[in-house]
Every structure is written in structure tokens, then in C-alpha cells.
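Asker: If you read the sequence shown in this note's numbering, its first letter stands for residue -16, the second for the next number, and so on.
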Amino acid sequence: MELLVIRHDEAEPRDPSLGARAEAKQKLSAAGRKRARRAAIALARLVGKVDVLASSGLRRADETAQAIADELGGVAVETVDALSPGAKPEQLAAWLRGIEGKSTVAIVGHEPGLSTLVTWLVSGLSRSLLELGKGGACLVEIPGRIAPGQARLVWLLRPGQLRRLR
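#1: Which residues bound the beta strand (DSSP E) around Gly92?
#2: Using alpha carbons as the reference points, say which of Glu6, Ile(-11), Ser67 and Val123 lies closest to Ala22.
#3: Please classify Leu145: does DSSP put it in a helix, a strand, or coil?
#4: For Ser98 versus Leu75, is the C-beta spacing smaller than 9 Å?
#5: Helix, strand or coil for Glu114, going by three-state DSSP, please let me know.
#6: Evaluate Ser109 with the Cβ neighbour count: other Cβ atoms within 10 Å of its Cβ, from every protein chain shown; 16 or more gives buried, anything less gives exposed.
#7: Three-state secondary structure (DSSP) at Leu1?
#8: Using DSSP with H/G/I as helix, E/B as strand and the rest coil, what is Ile125?
#9: For the putative contact between Val60 and Ser38, defined by C-beta atoms under 8 Å, what is the C-beta separation to the nearest angstrom?
#10: Pull the bridge partners of Ile51 from the DSSP assignment, please.
#11: Rounded to the nearest angstrom, what separates Gly87 and Lys10 at their Cα positions?
#12: Please classify Leu(-14) as buried or exposed, where buried requires at least 16 neighbouring CB atoms within 10 angstroms.
Structure, rendered in C-alpha cells:
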């Protein structure tokens, strides 16, 4: 399985009037939407297609995922609770095991969860050894079973690097 890991792009400031729902409702800024579209073009060129496209369900991640879906065409965005902020790598690994027959899976979520997941898959460590900037992405190859320390980091692109690949 190839796992494309994407951090949502820049969001608007939180609206304090929304209280506890502020994080879930926070949408991409105008610049974030534009950058997400440009990154989606580059990601489509890099991976060609995805079998599954998943998002945390938070608005800014959903908007980033939708930009990717629009560019790839024909793929729906699926909400996966294991991509929510605070989720553990083991939770997402369990979801991935449920779709093990898929060739390329793209996930859109949040830091520090995404970088912790990648570190866990590649090294088995439970603390992050890398950072995904807002709008950044990486590709992880999982050649066999989905378990800690069994994957390989193929590439990691900072947001600006990714957008320049269009």
C-alpha cells in the first residue's frame, strides 16, 4: 500500500463565538484554498490516482481533501474518525488494516498526529521525528503488514516544494 499523507492548508482564525465547535468549523483561508488547489495539481501528477481519500471531518481538512478529489476526479472523500486531532497511530493503523487491499490511500489531517503516524509506521517510535507544514505532504510505502516500523518514507515535501511541482 502507498499512503499519501497530507496536512490541511492554512485556516482562517478561529471564531471564538463558536465555542467548542470552533475547531471543527474552522475553514481554509482564501490563501489556503488557493494553495490547496495548487498542491492538489502536484499531488495528482505525483500519484496519478488514489483508491481511497479520507479526511478527519474537520472543515479545513475536508476542504483540502475536496481540492484533491476535484483534481483526481471520481474519488469521494470519506470521513475517518481516526484522523481527528488527538487520535493515536494505532487507531489509524486499525482503519488501514480494514482497507489493506487498496493500492493507494490518501489521508488529510492535522499535526502532530500525522507526523506521529508517519514516524510510528517508519520507525516504530511513538514520538514524531518529522514535521509536516500546513499544506505539506509525504508518501509512505507499506510493503506488507501495517505495523510499527514496517514502512518506508518515499518522499516528504514542504508546502512550497509541493506547489512548485505543478
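From the three backbone atoms N, C-alpha and C, an ideal C-beta is built for every residue, glycine too.
None of these values were measured; they are calculated from a predicted model.
Answerer: With the structure as the only source:
#1: Note, Gly92: beta strand (DSSP E), Thr87 to Gly92.
#2: Closest by alpha carbon: Ile(-11).
#3: In this structure, Leu145 counts as helix in the three-state DSSP scheme.
#4: Going by beta carbons, Ser98 and Leu75 fall outside the 9 Å limit.
#5: It is coil, neither helix nor strand.
#6: Counting other Cβ atoms within 10 Å of its Cβ, Ser109 stays below 16 and is therefore classed as exposed.
#7: Shown here, Leu1 sits in a helix according to DSSP, grouped into three states.
#8: When secondary structure is reduced to three states using DSSP, Ile125 falls in the coil class, being assigned neither helix nor strand.
#9: Contact between Val60 and Ser38 holds, since their C-beta atoms are separated by about 5 Å, short of 8 Å.
#10: Note: Ile51 sits in no beta bridge, so no partner.
#11: It should be pointed out that residue 87 corresponds to Thr in this sequence rather than to Gly. Their Cα atoms are separated by approximately 27 Å.
#12: Looking at its Cβ environment, which holds 16 or more other Cβ atoms inside 10 Å, Leu(-14) is buried.
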